[in-house]
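Please read the structure below before turning to the comments.
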Amino acid sequence: MTIKTYRQTLHDTLAEEMRKDPDILLIGEEIGHFEGSYKITAGLLAEFGPKRVKDTPIAEEGFTGAAIGAAMLGLKPIVEIMTINFSLVAMDQIINHAAKIHAMFGGQVNVPLVIRTPGGGGQQLGASHSQNIEVFYAHIPGLKVVCPSNPADAKGLLKAAIGDTDPVLFLENLGLYGAKGEVPEEDYVLEIGKANVARQGKDITIISYSKATTVALEVADELAHEQISAEVIDLRSLRPLDRQTIVESARKTSRAVVIEDDWLTYGIGAEIAATIQEGAFDYLDAPVRRVAAAEVPVPYSKPLELASLPDAATLSKVIHQILDATAFNR
Amino acid sequence: MTIKTYRQTLHDTLAEEMRKDPDILLIGEEIGHFEGSYKITAGLLAEFGPKRVKDTPIAEEGFTGAAIGAAMLGLKPIVEIMTINFSLVAMDQIINHAAKIHAMFGGQVNVPLVIRTPGGGGQQLGASHSQNIEVFYAHIPGLKVVCPSNPADAKGLLKAAIGDTDPVLFLENLGLYGAKGEVPEEDYVLEIGKANVARQGKDITIISYSKATTVALEVADELAHEQISAEVIDLRSLRPLDRQTIVESARKTSRAVVIEDDWLTYGIGAEIAATIQEGAFDYLDAPVRRVAAAEVPVPYSKPLELASLPDAATLSKVIHQILDATAFNR
Amino acid sequence: MVSRNTMTKTGRATNKASDSSNVDSGHQDNKDLLLSFYEEMVFIRHFELKASEMYQKAKIGGYCHLNLGEEATVVGLMRATQKQDYLFTTYREHGYAISKGSDPGRVMAELFGKADGVSHGWGGSMHLFDKETHLMGGYGIVGGQIPPATGAALAISYKNTPSTDSPIVVCIMGDGTTNIGAFHESLNIAAVWKLPIVYVIVNNFLGMGTSVDMASGEPELYKRGASYKIESIRINGEDPLEVYNTSLRMFRIAREEHRPLLIEAMSHRLKGHSVVDPAKYRSTEEMKEAEQHDPIPMLEKKLIGLSYLKESDITSIVAKAKERVSSAVAFAEQSPNPDIRQLFANVYSKKLPNDFYRLPGEPLFDEHSFSK
Amino acid sequence: MVSRNTMTKTGRATNKASDSSNVDSGHQDNKDLLLSFYEEMVFIRHFELKASEMYQKAKIGGYCHLNLGEEATVVGLMRATQKQDYLFTTYREHGYAISKGSDPGRVMAELFGKADGVSHGWGGSMHLFDKETHLMGGYGIVGGQIPPATGAALAISYKNTPSTDSPIVVCIMGDGTTNIGAFHESLNIAAVWKLPIVYVIVNNFLGMGTSVDMASGEPELYKRGASYKIESIRINGEDPLEVYNTSLRMFRIAREEHRPLLIEAMSHRLKGHSVVDPAKYRSTEEMKEAEQHDPIPMLEKKLIGLSYLKESDITSIVAKAKERVSSAVAFAEQSPNPDIRQLFANVYSKKLPNDFYRLPGEPLFDEHSFSK
Ligand SMILES: Cc1ncc(C[n+]2csc(CCOP(=O)(O)OP(=O)(O)O)c2C)c(N)n1
Ligand SMILES: Cc1ncc(C[n+]2csc(CCOP(=O)(O)OP(=O)(O)O)c2C)c(N)n1
Ligand SMILES: [Mg+2]
Ligand SMILES: [Mg+2]
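Here the protein sequences line up with chains A, B, C and D, keeping their order.
Here my numbering is used: position 209 in the first sequence is 209, and no number is missing along the way.
Here my numbering is used: position 141 in the second sequence is 1141, and no number is missing along the way.
Here my numbering is used: position 227 in the third sequence is 2227, and no number is missing along the way.
Here my numbering is used: position 262 in the fourth sequence is 3262, and no number is missing along the way.
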């Protein structure tokens, strides 16, 4: 184990995989000469050259689609879309093409493509640059969506995504790039489609993913001081979704709350709550609650932006409400 | 009241509003000379001329964005996107621009825009042409999404959408264009954001929207013969979502099922189920179930396509399962 | 358009044939070639007419777009490709699939949605795919094929150096398609990355009902290549030989120099946009004009003039074409529907933990799946 | 580029000034104009330097892109607009906002995220909007402004006939932006619909770190106008007078003929892509070269050569600029934050039934809202 940032882990994992497999190439805006908008690819152009680290024109639809075609012919492209907000201009290629080509053509061709892109608000980037719209991709059969919440998972899931024979949207987070954690040194690969019980507990289940998992774990730590034992489930994969692990936990704790950085209505949490109410109906002491962003285009002003986003204090408050409503006693 | 098709109603309502307000113009591919891919706009070029019925190049992003700009300067453009599948190439303009411009610029400018587009599978159009991805738009604060299930609602909601000062996605359905129904002759305007109790009942609540409402009503009719009284809620608006009406019904019937043509995971039904479990937790006798499409890119082959889509028989079966599990006796 | 003298007797260009081969329509040696063009054009014509008929009989569903009127372009282009070349095309692609080498029976079976269809019944008319012949798909989203086609050329240039054997990509699109963003982004990328791809605009003057003049600020579409410094040419798409010769030359440049090129082939659509479109928006004159440009009678006239063909040959060629079409239909008829139990087989290339293999209405959970 | 003789003494072009006005840099009469250009360029320069400083002090958040090096283009363009013209621009727009007439204090307040900001604190540096001055927004999505700008021109042509008074749209974009689909689709639409819009490419040779040569198949970007038959011109963006004169002429054509045009203004970026970018990817030489193209010293030299300016004037102009910038900062400082209770005020233009006015974590339902 080494302590590394999420950013460094992504960088190192990309380099490691590229050294092993000459068919991997990186495609994206400003990933080479500029060394990456968020510096994930710093130094890779120098190491691997312009054939394998391809700076692109500003044309997300064009280069994401090009990566699809390259994957159809057997390369293993890893695309960087600078932030998930810009994926909206590439959406037709991702949803109507990457996700469909295998099935629509009767299984004759694979699209072994990874699309790396960060989401995340809270950076004062304004309405069009602060979205968490991974639910769009998670909704689509034919795509996989993984969302590491810490450096070790970043390694394990990136390796899994690169090794996958289907298109994988690899969701990063602007707020996690600087986060540090222990990272296994060996060839660490996680299985896509499995959630992680990030913390064991018995009184309530907190379901989260990506950066919100950091908040969930922080709150769980605090609750422990009050003799409240919270279980934290880090989804790791939004599609396929590990419903089994979620529901087993909810059956055990009989209470559940979801925290996510996305808007509430039709967000990831909706599916989680719908799943739990069906799978743990007889076990629940209270409805599943959701802690999510306020339903506004994210404002630039810092106080407004903060008011619109979920945080630890809010999660903690909601958990106390659930516990109180269910006559929890410590 | 007159009996009219959904198609004719849309056509007549567009013409009626255009006659009243010279600032309304239609923008879309093949809406003029070709008279509309689904003939909604047939004859309108002849009546209103090329200034107000604008055929466009094949450039959904360009012309949808152009409609946004025209709306910002006070026109009332009504865009037709031939099917919702093609809206994926215009998504950045709809989500990053139409939905954000009012808020991101501090409320200084409105975007009074209507985007009409049909969804719907079941036409053997294959994976990229058979989607129901309205949940993408319903997820976005700043947009409104309405989804009439019958000719009368088509009139009432289209008038509301045209009269609205914000961007409205007006969801039609390929499978509804030929549907007939009574249409009020007067200036009939529905309020956006209100669900309709399309049928009163007391044993179970069926929640649906757009074409699925037809199925829900059909099943409710059949169930009546078995002395099962089903209440049918037609959402009419996906955003804003009328949670109150849904939950009041579920509290009353203590059982609920959602039917939708979209894929299940992270679909519209997820939000409905999540909402009901929170709002009617103490009233429910069984978990909310969802009847939705199988999670595959929709196949072309008719038998495969049929197998992947929900239908009346399936809904009926699920309702019986719910009733059986809750010791319902007639 | 081009005027080199080297000849080839082979119909489909072979690896070798691409070295500056060119065929002159007046020369005796090209008889076989021209006749084979003619036969294939006639076959495609009758295949398409049958498809239309089968659509009316509800054997075919969805949307169905035909190559009627574009046969010379189809055949001229496809004959100039080599086996190893990749083809990305539109929803209007039956002829291309056949001319690139797909079995007509399997193409018809796909239109019928059958298990033996080239896409195993998953694609239908708009989404033919044939791994064998390097048909990398018909695509139903306007412009949707262009970025993947461009990326396929990237994969080629990643693995191959320019040579007479290098595969290339041929990317077909309609005139209306040149107005969508994917066209612009892709051509620019291909230019910047120097990719071995030939973009082909089949200009049939119409999107669905919208004319090129109404849709494009610059209606001479090949001129748009200049925005990317892409060498471009406009040719007469009604003459299979001109299409063939230009294609050979342009394909060879792409192959041997690894750079993108653009061909605009002027053509005509004889019927509606799709089978269900009566094309009422076209005047009788316009339709007459289109019929006068029907490439099959034109070629017939020419071949008769050159004494390559007699009226009686025509009758037998048509009869043979019809017979082949009938067998294609028979093959399609007898092919089974895809197995419903295979509904989830193609979502991903491998079976996944926790993927959602449920038919509509099935509950999320089986009670026995929970650890007690 | 243009060489008409009519003069104007006014700085900002008035409705009348557009009638083929043109200013010659060697002529005595243009002294006031040139000096006013200079003063405004100096002011923008100091505004931007201060913005950079305030960003380091964390008074400004998010991304912050400056016009440093592009002042001549900014001022030349904006001075040639008329009051009624609409401006759509990018995230690199502080100078444009100011030069089109927004109060610098309100611009700075927006960067600070304050309630008195031009976008009331909702937009920040990238999203300035000022209804008063017809600044229709800075847009952060590359190319995102181009379709709405085009549509604004549609609204103009819907309501106005071509005339010397007709408003037009000016749509600013960077060089890198010409490679995205929205550029292509919009220019084509504008051409087909004959819209009164002038697209302006500010070519500063760089996207973020990617050069025009690496990103564009045809690096002479104005040539791309030909794909739509749009009249285009490349000009020296370092010379405010050339920018001004060409803009006047092009704007006049758009105004009086209602058709789109394209200007490419060659410019330089003196610093990183945004305030946080140290631009390590640029060589010392490249940076030196850029500095040599700094339009402010260039104009100073010229004005001194023409005896329009003395060293001492410069000192006082700079001092005045700094003072105005300081008041802008003071105004921004004292302005309050937006009221948190107004969080939901701008989602829609009217309050809605059933819209979701909940802060994070608030339950979906209040029990008392249910009928018992
Ligand atoms: C993105 C998108 N927009 C619209 C359509 C609907 N559509 C299908 S074909 C077509 C016309 C295409 O015209 P052209 O490119 O000239 O090809 P042709 O059909 O003439 O071969 C349109 C608008 C689509 N399939 N995809
Ligand atoms: C669709 C989209 N892709 C990528 C980005 C990230 N991005 C912001 S500015 C920029 C470079 C733009 O270059 P150019 O158009 O030359 O404008 P300049 O910054 O030089 O003024 C990029 C890639 C974005 N904002 N939107
Ligand atoms: Mg066409
Ligand atoms: Mg630039």
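Backbone N, C-alpha and C define an ideal beta-carbon position, used for all residues, glycine too.
- For ligand 4, no non-hydrogen atom lies closer than 8 Å to the CB of Asn3179 (chain D).
- Distance from the C-beta of Asn2204 (chain C) to the nearest heavy atom of ligand 3 is below 8 Å.
- Each residue's CA atom was taken as its position, placing Thr3073 (chain D) and Val3243 (chain D) some 6 Å apart.
- Three or more Cβ pairs closer than 8 Å define a contact, and the segment 281-295 of chain A meets that threshold against the segment 263-271 of chain A.
- As the crow flies, the alpha-carbon of Ser2166 (chain C) is around 18 Å from that of Leu2262 (chain C).
- Against chain D, the CB of Ala1152 (chain B) has no partner CB under 9 Å away; the residue lies outside that interface.
- With the criterion set as a beta carbon lying under 7 Å from some beta carbon of chain B, the members of the segment 3187-3200 of chain D are Asn3188, Ile3189 and Val3192, in sequence order.
- Taking C-beta separations shorter than 6 Å and ignoring five residues to either side along the sequence, the partners of Lys54 (chain A) in its chain run Ile27, following chain order.
- Apart from sequence neighbours up to five positions away, the residues of its chain that approach Met3298 (chain D) with a beta-carbon distance below 7 Å are Glu3238, ordered along the chain.
- Residue range Ile1204 to Ser1208 is occupied by the beta strand (DSSP E) that includes Ser1208 (chain B).
- For Leu264 (chain A), a Cβ of chain D is located within less than 9 Å of the residue's own Cβ.
- With 16 or more other CB atoms across the displayed protein chains lying within 10 angstroms of its CB, Lys211 (chain A) is buried.
- Within the segment 3146-3171 of chain D, no residue has a Cβ lying closer than 9 Å to any Cβ of chain A.
- For Ile95 (chain A), the chain B residues whose Cβ falls inside 7 Å of its Cβ are Leu1088, in order along the chain.
- Rounded to the nearest whole angstrom, the C-alpha separation of Asp1282 (chain B) and Asp324 (chain A) is 16 Å.
- Assignment of Asn110 (chain A) by DSSP, reduced to helix, strand and coil, places it in the coil class.
- The continuous stretches of alpha helix (DSSP H) do not include Leu3087 (chain D), which lies in the beta strand (DSSP E) extending over residues Tyr3086 to Thr3090.
- For Lys180 (chain A), the CB contacts under 6 Å within the same chain, skipping 5 residues up- and downstream, are Ile3 and Thr5 in chain order.
- Here the segment 1129-1147 of chain B makes contact with the segment 1166-1174 of chain B; the two share three or more CB pairs at distances below 8 Å.
- Ser1237 (chain B) is bridged by DSSP to B:Val1146.
- Against chain C, a Cβ distance below 9 Å from Glu3185 (chain D) picks out Asn2179, Ile2180, Gly2181 and His2184.
- Scanning chain C for C-beta atoms nearer than 8 Å to the C-beta of His102 (chain A) yields Asn2346, Val2347, Tyr2348 and Ser2349, reported in chain order.
- Secondary structure of Ala1071 (chain B) (DSSP, three-state): helix.
- Contact with chain A is absent for Lys2229 (chain C), since none of that chain's Cβ atoms lies less than 9 Å from the residue's Cβ.
- By the Cβ criterion, the segment 3338-3347 of chain D is in contact with the segment 296-309 of chain A, since at least three pairs of Cβ atoms, one from each stretch, lie closer than 8 Å.
- Interface annotation, Asn3030 (chain D): not in contact with chain A, CB-CB separation never under 9 Å.
- In this model, Phe2331 (chain C) and Phe2047 (chain C) are separated by some 13 Å (Cα to Cα).
- If you look at Leu44 (chain A), you'll find it in the alpha helix (DSSP H) that goes Leu44 to Arg52.
- Gly2217 (chain C) belongs to the set of residues whose beta carbon lies under 9 Å from a beta carbon in chain D.
- Distances taken from the Cβ of Asp3175 (chain D) to the heavy atoms of ligand 4 include one shorter than 8 Å.
- Note that the C-beta distance between Lys1155 (chain B) and Thr1205 (chain B) is not below 9 Å.
- Residues of the segment 52-71 of chain A with a Cβ closer than 9 Å to any Cβ of chain D, in chain order: Asp55, Thr56, Pro57, Ile58, Ala59, Glu60, Glu61 and Gly62.
- Counting C-beta pairs with one atom in each stretch, the segment 2187-2197 of chain C and the segment 2144-2159 of chain C have three or more that are closer than 8 Å, which means they touch.
- Contact of Ile3141 (chain D) with chain B is assigned, a C-beta pair being separated by under 9 Å.
- Around Tyr3063 (chain D), the beta-carbon contacts reaching into chain A at under 8 Å are Leu125 and His129.
- Three or more beta-carbon pairs drawn from the segment 3128-3148 of chain D and the segment 1069-1088 of chain B are found closer than 8 Å, and the two stretches are therefore classed as touching.
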